[in-house]
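S.K.: Residue numbers (our numbering): 31 to 392.
We treat Cβ as the ideally placed atom computed from N, Cα and C, and that holds for glycine.
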Ligand SMILES: Cc1ncc(COP(=O)(O)O)c(C=O)c1O
């Protein structure tokens with residue numbers, strides 16, 4: 031049991047009350063409360079169309095389906111992301127084509143995109159990892175030149191801005207997650223945003239087995255049951271109200287670590303550019319002695335989390351290339367305790383333990 035967990039978030043009385051109201055009002059499955067939640071997100075992100083669904087993974091899958099990605103198409107994905115990004119393409123029978131990330135930050139190296147494009151390429155999925163912003167102008171330029179769709183995986187980047195506006199809102203589709211370790215959560219959940227009305231209509235149909243209505247049924251296209259629930263949306267509506275405080279708090283957490291570990295030589299903070307509108311959802315570091323550090327902190331009640339392995343290590347993606355930049359992140363990356371409800375005194379404790387680890391030369 032850890033005294034300090036790697037992620038701390040909060041669900042309070044307000045969420046409990048709204049869920050309770052929703053149940054008493056018989057708003058259980060997808061209905062009026064989901065629509066209200068979608069409307070609030072649309073307003074907050076300044077985007078016309080939002081389709082809520084069961085997870086960020088489902089959001090990615092629905093977006094790729096809506097844009098017509100199918101068997102034998104190729105989809106370009108960075109080698110550093112949660113494997114969900116790849117699985118969304120793979121489950122449609124598409125081939126995942128991996129591309130390396132930048133040397134200093136784990137987001138796609140856009141200068142390597144063109145060399146990955148073939149006549150089968152259908153879409154690019156830039157991943158806005160850890161609330162960082164990919165150079166979208168460059169991605170859109172390449173996509174336009176080759177006639178490709180851009181689906182942003184903004185699962186970790188809700189309310190992150192670049193010079194144009196909120197991430198995820200200016201591509202063919204943007205996909206977000208509402209799982210627990212995100213800015214806001216509804217337990218599980220996710221949503222797709224788009225500015226394209228046709229894509230929106232297709233997404234809504236795909237969410238309900240390809241039909242416009244379950245009463246007056248016409249089979250129009252392949253879909254699935256990707257429906258959200260009003261119970262989850264009730265939590266989401268209250269979580270949205272917490273966003274401004276949460277953003278301030280996670281920035282404070284990040285700044286505290288930044289100051290606290292600047293003199294700790296065995297750790298390198300992976301930067302987030304807060305001045306440009308990025309949001310440091312997580313506090314991520316590189317440590318060559320990662321395993322020893324994880325064990326040391328754990329023995330003092332501090333939970334950390336190593337980065338997920340690079341995607342090319344999933345044999346079934348059949349990648350034969352080397353990805354030297356992402357390899358460093360995959361082998362040395364670590365999440366330090368953080369999150370919208372992580373007490374700042376916990377950060378101070380963690381920094382003390384990091385100091386001790388350094389001094390003891392573990
Ligand atoms: C980058 C990224 N993409 C996709 C997903 C999938 O979201 P979900 O877990 O809601 O299915 C996640 C979730 O952690 C993620 O971090």
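Does residue 243 come out as helix, strand or coil in the three-state DSSP assignment?
M.R.: For the purposes of this step, residue 243 is taken as residue 213 along the chain shown, with counting starting at 1. Correct three-state label for residue 243: coil.
S.K.: Three or more beta-carbon pairs under 8 Å between the segment 362-381 and the segment 140-149, yes or no?
M.R.: no
S.K.: Cutting at 6 Å between CB atoms, please list the residues of its own chain near residue 146, excluding the five before and the five after it.
M.R.: Indexing the chain shown from 1 puts residue 146 at position 116. Taken in chain order, the residues that qualify are 106, 127, 129.
S.K.: Looking at the structure shown, is residue 342 part of a helix, part of a strand, or coil, going by DSSP?
M.R.: Position 312 of the chain shown, counted from the start, is the residue given in the question as residue 342. Judged by DSSP in its simplified three-state form, residue 342 adopts helix.
S.K.: How big is the Cα-Cα spacing for residue 69 and residue 230?
M.R.: Residue mapping note: residue 69 aligns to position 39 of the chain shown, counting from 1. Residue mapping note: residue 230 aligns to position 200 of the chain shown, counting from 1. For residue 69 and residue 230, the distance between alpha carbons rounds to 14 Å.
S.K.: DSSP beta-bridge partners for residue 183?
M.R.: In the chain shown, residue 183 corresponds to position 153, counting from 1. Answer by DSSP bridge pairing, in chain order: 157, 205.
S.K.: Count the other CB atoms within 10 Å of the CB of residue 101; is the residue buried (16 or more) or exposed (fewer)?
M.R.: Counting from 1 along the chain shown, the entry for residue 101 is found at position 71. By the 10 Å Cβ count, residue 101 comes out exposed.
S.K.: Quick one: complete beta strand (DSSP E) runs, 3+ long, within the segment 82-129?
M.R.: 104-108, 125-129
S.K.: So the alpha helix (DSSP H) residue 54 belongs to, where does it begin and stop?
M.R.: Numbered from its first residue, the chain shown carries residue 54 at position 24. Per DSSP, residue 54 belongs to the alpha helix (DSSP H) from 43-54.
S.K.: Would the C-beta of residue 183 count as close to ligand 3, meaning under 7 Å from any of its heavy atoms?
M.R.: The ligand content of the structure shown is limited to ligand 1, which means ligand 3 is not among them.
S.K.: Going by DSSP, what residues sit across from residue 298 in a beta bridge?
M.R.: Translated into the one-based positions of the chain shown, residue 298 becomes position 268. For residue 298, which the question treats as bridged, DSSP gives the partners 316.
S.K.: Residues in its own chain within less than 6 Å of residue 211 by CB, not counting five upstream and five downstream?
M.R.: Counted from its first residue, the chain shown places residue 211 at position 181. 37, listed in sequence order.
S.K.: Could you spell out where the alpha helix (DSSP H) holding residue 63 opens and where it closes?
M.R.: Residue mapping note: residue 63 aligns to position 33 of the chain shown, counting from 1. Segment 62-75, the alpha helix (DSSP H) holding residue 63.
S.K.: Helix or strand or just coil, what does DSSP make of residue 255?
M.R.: Taking the first residue of the chain shown as 1, we reach residue 255 at position 225. Strand, per DSSP.
S.K.: For the beta strand (DSSP E) that residue 222 lies in, which residues bound it at each end?
M.R.: Counting from 1 along the chain shown, the entry for residue 222 is found at position 192. Where residue 222 is concerned, the enclosing beta strand (DSSP E) stretches over 220-224.
S.K.: Contact defined as beta carbons within less than 8 Å: I believe residue 258 pairs with residue 87. What is the distance between those atoms, to the nearest angstrom?
M.R.: On the chain shown, position 228 is the one that residue 258 refers to. On the chain shown, position 57 is the one that residue 87 refers to. So it is not a contact: roughly 14 Å between Cβ atoms.
S.K.: Is any heavy atom in ligand 1 found nearer than 7 Å to the beta carbon of residue 131?
M.R.: Working through the chain shown from its first residue, we reach residue 131 at position 101. No; taking the cut-off as 7 Å, the Cβ of residue 131 has no heavy atom of ligand 1 nearer than that.
S.K.: Rounded C-beta distance between residue 332 and residue 283? I'm assuming under 8 Å.
M.R.: Against the chain shown, residue 332 aligns to sequence position 302. Against the chain shown, residue 283 aligns to sequence position 253. Not really, about 14 Å apart at Cβ, beyond 8 Å.
S.K.: Got a sec? Which residues, its chain only, sit under 6 Å from residue 300 by beta carbon, not counting five neighbours each side?
M.R.: On the chain shown, position 270 is the one that residue 300 refers to. The residues are 314.
S.K.: Under three-state DSSP, which class holds residue 38?
M.R.: For the purposes of this step, residue 38 is taken as residue 8 along the chain shown, with counting starting at 1. In this structure, residue 38 counts as coil in the three-state DSSP scheme.
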